[in-house]
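Presented below is the structure to which this report refers.
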Amino acid sequence: MKPAERRKYAALSPFQLKDQLIQFATSHAERMMLNAGRGNPNWLATTPRAGFFQLGLFAVEESQPILAQEHLGGMPPRAGIAQRLQQFLAERSQLPGIAFLQDCLTYGETHLNLDPDELVYELVQGILGDRYPEPVRVLSQTEKILHRYLVQELCNDQPPPGHYDLFVTEGGTAAICYIFNSLLENKILHKHDKIALGTPIFTPYLEIPHLNTFQLQSLAVEAWEALDWQIPDAELDKLADPDVKAFFLCNPSNPTSVRLESSAIAKLVDLVTIQRPDLIVITDDVYSTFVNDFRSLMAILPQNTITVYSYSKYFGATGWRLGVIALHTDNVIDRMIAALPDSTTHRLNQRYAHLALEPQRLKFIDRMVADSRNVALNHTAGLSTPQQVQMTLFSLFCLLDREDHYQRTCQDIVTQRWTNLYQALGTAPHDAINQTHYYTTIDLLKLAMDTYDSDFVDYLVKHFDPLDFVFQLAKEQGIVLLPGGGFEAPQWSVRVSLANLPDAAYGRIGQAIVALMQTYHDAWKTKTEHLPHQPRIKTSMRHRIRPKSKSFAASDPERDRFDYRCECGTGQPTHIHPIPGILLIGGAEEGRLGEDAATRWFLKRARGGNYLVLRSGGVGLQAAWICEHYREFISSAAELSIDSRAAANHPDVIQFIREADALFIAGGNQNEYEDYWEGSAVEVAINDLIHQKKIPIAGTSAGMTILGDYYYAPAHEGLLSSEILNDPFHHNTKDIYRSDFIQVPCLKHVITDTHLDRIDEDHPETRYGRLFGFLARIVHDTGNQFPVYGIGLEEGAFVAIDEQGIATVFGNGTTQGQDAYFLQTQGAAPEQIQPGLPLIWNHHGKAVKVYKISGTPEGSGQFNLNNWSQAAGGRWEYWFTTGGAAGFRQKI
């Protein structure tokens, strides 16, 4: 697929992309398409449907005598209607659905104490659909039955004290829209508020908060693949932030299909109870019936939780659009509404004035109903009554199934398909007790690594896009899968629905994935076999050629050129979950206030784990300094010096790195780092720490330089500002690289530079112009295809980037030497950039846009590295040159 076409499709939701994939998959008429893209099950519950249609026949019979005219009927009388239904059933005892309806009447009377006439009359009126829904929120008998069903299925028959109010809706998605709309209408949420999303998550739920209607900020609370898609404590800790107003999750999850484990629930309960009693939890529990003994957050945190449940998947009823919202009668939202300022209460009273004599007492769930019809049409609100009848019969069907036969049958269907798929893939993933097996998320890079090796994985990532795989699978095999990246799952993953195809189809899907991966591997093997062995070659602005790792005998002195020293603690694995983050350090740590504050920010993210300093040229004093001054933050601190390419592949070295819970890359010589580590097992280990273990990473001077997507690693003399400004192709510019060396997501397309304000005695000039020149050269060498960014730090500046990509600047608070600069190109290439000629990059004095933040011990400003536009606490300026070093300016 061409890049331009791929970019077009990458902007689509997976569910819109699916339509294009289906077109490809059906392009060969002789081939049967296998669409595992959607979650519509290929089974349905027949007994409650048969009961529905038999009840419909009875209802029509009841209506006909009223008017006694052809084609017309009337509203049946209430008195004796249950007895008349009993007679109707007795006359048709052998027909499908009849025995089920008889059991429903008995259950309603004996277990729920429902008046038989009241129940049957509501069902008959409901199925005829001859009246508006009344009450509008949910029919009265229906609510009692649905309440009992939800207590059984979502509370595992262990409900909290009290009762739930229910609001039936047009499926779960309508429920979500109503909830968010009413939270904003009632000033519980406001535009630009922050909510947390448990990711990966159903794609529309990623999109809803950002619609113009809501304009909410979203914070990802990430489940980790390494933890069987459970949410670690470090992620749940994000909810302690009082700015996070609500936590929205699918439980069990979609697309990863696991329920929240008991330890994560206990953590969430503690957090809400102790720190965040005001936190609103919104949980979509549609897949709850596909795991045993499920207990929803509605049972565990009833006062904080709004629950959404849909009948679509379990009963094969996606076309019926049956959903329900449950909210405990004693809930934090009603209390928030009661505590709103008088002015807000007055405005809301005006909004709901026609609904109640005391609108301020109107419950949130009833406000939702009114808001669903713009308040003025509240009298016509509510789910259609035939839908409510079918929902009631589905619920009664499961309440009558005391042996859970239907549930086990549905679970067995998807579990068998899961087994067929993974047997065909040749892998045996951990079948955790928390899995629903309704979907599965296949990590293609993990599959490639398990089947082949890391060199092949590198080839895949560099030469293909994740969309290439799903498009090729559709075109060549007629198989439709959805890209996992659209759900905030790993980019190189696919979601497979295990619900909507015959059992045997999943073996074919697994075989097709394996075959396509083999095709990629064969192409890679052919390509590499025809390449002569080459030494490591530095080529400006391209990925360098990586040699295969060399094997060394145990006695080879090159292999042993590393030095490890633990300064305190044991360095043993801690099994904790650090908080990710990046700390960029300008290069002159002096133990002053700025460094102390930044170090504490960094070490807190280690969560008491192992701190490791990585460098070359021999161990240093950084770890000892941490032990002396910050021992309470860590379990150990150690230094590891790696001084040969062979040592960078030594298993002991890799083990030391993998056991780190915080990594500090020291200053020194970035050219040695690049020579020794790039393309080695050390590189893989560092990137695993960033992407899999997700630990905090710090880099100072040379260590900061190599964290950028682009980096400068001079083999000899370093480049001066005047040299690159006066000749952008000066011989000292040959060591500007872009590679997949260390892959920090928030530093994509970024080059970093340190010591901006340092003036060397031999060369009395600063480095501001050098960083500007780097950007010009990168724009030229990449054809100005995309924006290029730079982060430059003066020696006393520390840039702390949190897990959301928001940067804050620490420093000593002095007037000089504490500044951080965030540079971005404006889409216009230099007017003159040729070998031997001065750089001209002016564009009316606005060549490069720069945001400057001065660091303080408390942490200053904010800069959003996700969009490079949201910023606070600093100032914008422009850098440009009208001609070489003499024409370089920094202008506000």
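Quick note on numbering: the sequence shown equals residues 3 to 894 in the working numbering.
Each residue gets a CB set at the ideal place from its N, CA and C atoms; glycine is no exception.
None of these values were measured; they are calculated from a predicted model.
Buried or exposed by the 16-neighbour rule on C-beta atoms within 10 Å, applied to residue i
i	result
residue 270	buried
residue 352	exposed
residue 603	buried
residue 843	buried
residue 240	buried
residue 723	buried
residue 770	buried
residue 672	buried
residue 265	exposed
residue 32	Any answer about residue 32 is weak, because its pLDDT of 45 lies below 50 and its placement is not dependable; what the coordinates show is given next. Flag for residue 32 reads exposed.
residue 788	exposed
residue 39	buried
residue 137	exposed
residue 108	exposed
residue 657	exposed
residue 553	Confidence at residue 553 is low in this model, with a pLDDT of 30, below 50, so the placement of that residue is unreliable and no value is reported for it.
residue 496	buried
residue 739	buried
residue 608	buried
residue 557	Annotation note: pLDDT 40 at residue 557 (below 50); position unreliable, no value reported.
residue 79	exposed
residue 911	A question about residue 911 goes unanswered here, because the residues of the chain that appear run from 3 up to 894.
residue 785	exposed
residue 254	buried
residue 869	exposed
Beta-ladder partner(s) of residue i, from DSSP
i	result
residue 330	166
residue 814	Answer by DSSP bridge pairing: none, since residue 814 is not bridged.
residue 881	850, 892
residue 823	794, 854
residue 665	614, 699
residue 484	497
residue 283	249, 307
residue 443	497
residue 265	Answer by DSSP bridge pairing: none, since residue 265 is not bridged.
residue 401	In the DSSP output, where bridge partners are listed per residue, residue 401 has none listed.
Beta-carbon contacts of residue i that lie in its chain and below 6 Å, excluding the five residues immediately before and after
i	result
residue 889	883
residue 878	853
residue 218	195, 197, 211
residue 711	749, 750, 751, 752
residue 180	370, 374
residue 395	50, 53, 54
residue 635	605
residue 41	499, 501
residue 876	853, 854, 855, 863
residue 9	In this predicted model, residue 9 has a pLDDT of only 49, less than 50, meaning its place in the structure is not dependable enough to derive any value.
Distance between beta carbons of residue j and residue i, contact taken as under 8 Å
i	j	result
residue 746	residue 792	Contact flag wrong, Cβ pair sits at about 14 Å.
residue 419	residue 505	6 Å
residue 129	residue 391	5 Å
residue 798	residue 822	In fact, because the Cβ distance is near 10 Å, the residues do not count as touching under 8 Å.
residue 812	residue 865	That pair is no contact at about 13 Å.
residue 314	residue 288	7 Å
residue 761	residue 768	6 Å
residue 840	residue 728	5 Å
residue 466	residue 46	Between residue 46 and residue 466 the Cβ distance is about 39 Å, and since that is not below 8 Å, they are no contact.
Contact set for residue i: own chain, Cβ-Cβ below 7 Å, skip 5 residues either direction
i	result
residue 150	114, 401
residue 541	Because residue 541 carries a pLDDT of 30, less than 50, the predicted location of this residue cannot be relied on, and the following value inherits that uncertainty. So the list is empty, once near-sequence residues are dropped.
residue 189	342, 346
residue 160	297, 301
residue 131	386, 387, 388
Any non-hydrogen atom of the ligand MN closer than 8 Å to residue i Cβ
i	result
residue 297	Among the ligands in the structure shown, none appear at all, so the ligand MN cannot be discussed.
Proximal residues to residue i (C-beta, below 8 Å), its chain only, five neighbours per side dropped
i	result
residue 223	198, 199, 200, 201, 233, 237, 238, 240, 241, 249, 251
Looking at C-beta atoms only, is the number of pairs between the stretch 620-636 and the stretch 683-701 that lie closer than 8 Å three or more?
no
Please determine if the stretch 87-104 and the stretch 133-147 are in contact, where contact requires at least 3 C-beta pairs separated by less than 8 Å.
No, because fewer than three Cβ pairs between the stretch 87-104 and the stretch 133-147 fall closer than 8 Å, the two stretches do not touch.
On the three-pair Cβ rule with 8 Å, is the stretch 277-291 touching the stretch 307-322?
yes
Answer yes if the stretch 636-652 comes into contact with the stretch 696-709, meaning at least three C-beta pairs across the two stretches below 8 Å, and no otherwise.
no
Below 8 Å, can you find three or more Cβ-Cβ pairs linking the stretch 50-66 to the stretch 80-98?
yes
Does the stretch 460-479 touch the stretch 504-521, meaning 3 or more C-beta pairs lie closer than 8 Å?
Enough Cβ pairs lie closer than 8 Å, so yes.
Whether or not the stretch 410-426 and the stretch 438-446 are in contact is what I'm after, with contact meaning three or more pairs of Cβ atoms, one per stretch, closer than 8 Å; do they touch?
yes
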